[in-house]
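K.L.:
Before we start, here is the structure in question, set down as structure tokens.
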Amino acid sequence: MKKVLFVVFLILGLFLIGSFSGLHFKEINAVPGDVKMIRSSDIGDYAKAVLFEDKTHKTFGVAEIEKKFGFLYRYDGGTWGYTVEEGKPFQASGIGDDDDFLVAIKTAKDSKIEYIALGNHIEGLRPSDKYKLSLDDVRENIDEYYLKEVTDSYALFVIDEYSEDTWTIRAFDKDGNLIADELFGGDPRYIDWE
2 MKKVLFVVFL ILGLFLIGSF SGLHFKEINA VPGDVKMIRS SDIGDYAKAV LFEDKTHKTF
62 GVAEIEKKFG FLYRYDGGTW GYTVEEGKPF QASGIGDDDD FLVAIKTAKD SKIEYIALGN
122 HIEGLRPSDK YKLSLDDVRE NIDEYYLKEV TDSYALFVID EYSEDTWTIR AFDKDGNLIA
182 DELFGGDPRY IDWE
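Take the position in the sequence shown, starting the count at 1, then add 1; the result is the number in the numbering used here.
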């Protein structure tokens, strides 16, 4: 009888240790490394999106942090090591699965970017094409876009899916003028045609 109880407690103990390994009381503590949280956003009621900076490497990333038992957090994947390249307006980082897609964007300090839009309503647009688009156009077609105001050089999006449209990024200044983009398949660039 003692052996059976010992085996039951041993199995129960191993199950509890396995269940609690990697769990933290704060979502930022679940992100590996020496990181600072920039902002977080709920992903339904089961997870958090965490936009963070790596203090050691001076880079940024985004992570999905799973909620457990309502008050504990576990790292569920992420992407990191991103920085804005010299001469580029912004850098995007994304991670996704079948349920959601997380996009973190950091703007260059001197870019004058105030708003970021993910999406597209212009059919057949290629990275080599010149086009006109304003923040008013985005707002008139808001069903086709996700729009965020840039705060402290960052924007964080939690959206339903990865697609060509959700990886088409537009950046606007305070007056609503398009000043930069990253069309699907292209690189981030300043818009300088008129």
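Every residue, glycine too, gets a C-beta built ideally from N, C-alpha and C.
I'd like to know if the segment 128-138 and the segment 86-99 are in contact, where contact means that at least 3 CB-CB pairs between them fall below 8 Å.
P.N.:
Segments in contact, no.
K.L.:
Write down the C-beta distance between A181 and S112 rounded to the nearest angstrom, noting that I regard them as a contact closer than 8 Å.
P.N.:
In the sequence shown, the residue the question calls residue 181 occupies position 180. In the sequence shown, the residue the question calls residue 112 occupies position 111. A181 to S112, Cβ: 7 Å. Contact.
K.L.:
Answer with buried or exposed for Y74, where buried requires no fewer than 16 other C-beta atoms within 10 angstroms of its C-beta.
P.N.:
Counted from its first residue, the sequence shown places residue 74 at position 73. Classification of Y74: buried, given that the 10 Å Cβ count is 16 or more.
K.L.:
When the Cα atoms are used, what is the spatial distance from E150 to L119?
P.N.:
Position 149 of the sequence shown, counted from the first residue, corresponds to residue 150. Position 118 of the sequence shown, counted from the first residue, corresponds to residue 119. Whole-angstrom Cα-Cα distance: 12 Å.
K.L.:
Can you pull the DSSP bridge partners for Y191?
P.N.:
For the purposes of this step, residue 191 is taken as the residue at position 190 of the sequence shown. In DSSP, Y191 forms a bridge with A181.
K.L.:
Helix, strand or coil for L1? Go by DSSP, reduced to three states.
P.N.:
Nothing about residue 1 can be reported from this structure: the residues present for the chain run from 2 to 195 only.
K.L.:
Verify whether the separation of the beta carbon atoms of E124 and K175 is less than 9 Å.
P.N.:
Counting from one through the sequence shown, the residue named residue 124 turns up at place 123. Counting from one through the sequence shown, the residue named residue 175 turns up at place 174. Cβ distance not < 9 Å, so E124 and K175 don't count as in contact.
K.L.:
Helix, strand or coil: which one does DSSP assign to E54?
P.N.:
Within the sequence shown, numbered from 1, the residue matching residue 54 stands at position 53. It is a strand residue.
K.L.:
Buried or exposed: which applies to Y132, given that a residue is buried once 16 or more other Cβ atoms fall within 10 Å of its Cβ?
P.N.:
By one-based count along the sequence shown, residue 132 stands at place 131. Exposed: under 16 other Cβ atoms inside 10 Å.
K.L.:
Note down, in chain order, each residue of its chain lying with its Cβ closer than 6 Å to the Cβ of S20, except the 5 sequence neighbours on either side.
P.N.:
Along the sequence shown, one-based indexing puts residue 20 at 19. Residue placement at S20 is poorly supported in this model, since its pLDDT is 44, which falls under 50; the coordinates still yield a value, given next. Here the set comprises nothing.
K.L.:
Could you check how far apart the C-beta atoms of E54 and F61 are, in whole angstroms? I think they sit under 8 Å.
P.N.:
Your numbering for residue 54 matches position 53 in the sequence shown. Your numbering for residue 61 matches position 60 in the sequence shown. About 5 Å separates the two Cβ atoms, so the contact holds.
K.L.:
Which residue wins for smallest C-alpha separation from D56, given the options Y83, G78, K110?
P.N.:
The sequence position of residue 56 within the sequence shown is 55, counting from 1. The question names Asp, but residue 56 in the sequence shown is Lys. The option with the nearest alpha carbon to K56 is Y83.
K.L.:
Using CA atoms only, rank isn't needed, just tell me which of P33, K59, I143 is closest to I117.
P.N.:
For the purposes of this step, residue 117 is taken as residue 116 along the sequence shown, with counting starting at 1. Selected option, being the one with the closest Cα: I143.
K.L.:
D101 and V159 look like a contact to me (Cβ under 8 Å); what is the Cβ gap, rounded to whole Å?
P.N.:
For the purposes of this step, residue 101 is taken as the residue at position 100 of the sequence shown. For the purposes of this step, residue 159 is taken as the residue at position 158 of the sequence shown. So it is a contact: roughly 6 Å between Cβ atoms.
K.L.:
Whose C-alpha, out of L52, D43, K69, is nearest the C-alpha of G23?
P.N.:
Within the sequence shown, the letter at position 22 stands for residue 23. Minimum Cα distance to G23 is reached at K69.
K.L.:
Check for me: the beta strand (DSSP E) holding K69 runs from which residue to which?
P.N.:
Counting from 1 along the sequence shown, the entry for residue 69 is found at position 68. Residues 60-69.
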